[in-house]
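Residue numbering for the sequence shown follows the numbering used here, starting at 655 and increasing by one per position.
The structure under discussion appears below in the form of structure tokens.
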Amino acid sequence: MITSDTAEFLESCPGGKLAGLDVGTKTIGLATCDAAWSFAGPAETIRRTKFQKDFAVLTAFVEKNAIAGLVVGLPLNMDGSDSPRTQSTRAFARNIDSLGLPILLWDERWSTQAVERAMIHADVSRAKRADKVDAMAAAHILQGAIDALVNIAHRD
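Structure representation (structure tokens):
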């Protein structure tokens, strides 16, 4: 199941560890959160090659971390419309749907910029920022999603 609706995602994935994905053309940033959905943290970055190899790495990550659901950052245009990158990310989500996990598409318009600014503010060197920005962006995406999911769960 792939959805942009947090309530629908919550219904299909009421708990367990989640993984956040920041899908780029060259890399896929990965993050995880605890089973209680309290906090997200960066995990690793996959250097993209061919889809089958990327899928194998992602599958191993999901199994190793006992992931119950995926949050995929959706790079919308500033006006909320789709772009070619958005369409590519939607296609990626459809391709990984065979993992059998619920997938939440999450608006990630400002994630990389927010992480980059925070890292600059923390005086992280340019080289270290380049290595970490994708996984940190995935954590930023995942944190936003779990905050929203927890708010919905507490309303019920």
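For glycine and all other residues, C-beta sits at the position ideal for the given N, C-alpha and C.
These numbers come from a predicted model, not from an experiment.
Check	Outcome
Bridge partner(s) assigned by DSSP for Glu-698	Leu-684
Rounded C-alpha distance that separates Ile-682 from Phe-705	11 angstroms
CB contact flag (Cys-687, Ala-697, <8 angstroms)	no
With 16 other Cβ atoms within 10 Å as the buried cut-off, status of His-808	exposed
Sufficient close CB pairs (3 or more, under 8 angstroms) joining the stretch 655–673 to the stretch 753–763	yes
Between the CA atoms of Leu-675 and Thr-703 - distance to the nearest angstrom	16 angstroms
Cβ shell of Ile-806 (< 6 angstroms), same chain only, five flanking positions each side left out	Thr-660, Ala-661 and Leu-664
Beta carbon of Asp-801 nearer than 8 angstroms to that of Thr-699	no
Residue from Asn-749, Leu-672, Ile-656 and Thr-679 whose Cα sits closest to the Cα of Pro-738	Thr-679
Residues that DSSP places opposite Trp-691 in a beta bridge	Its beta-bridge partners do not exist; DSSP assigns none.
Bridge partner(s) assigned by DSSP for Thr-657	Leu-758
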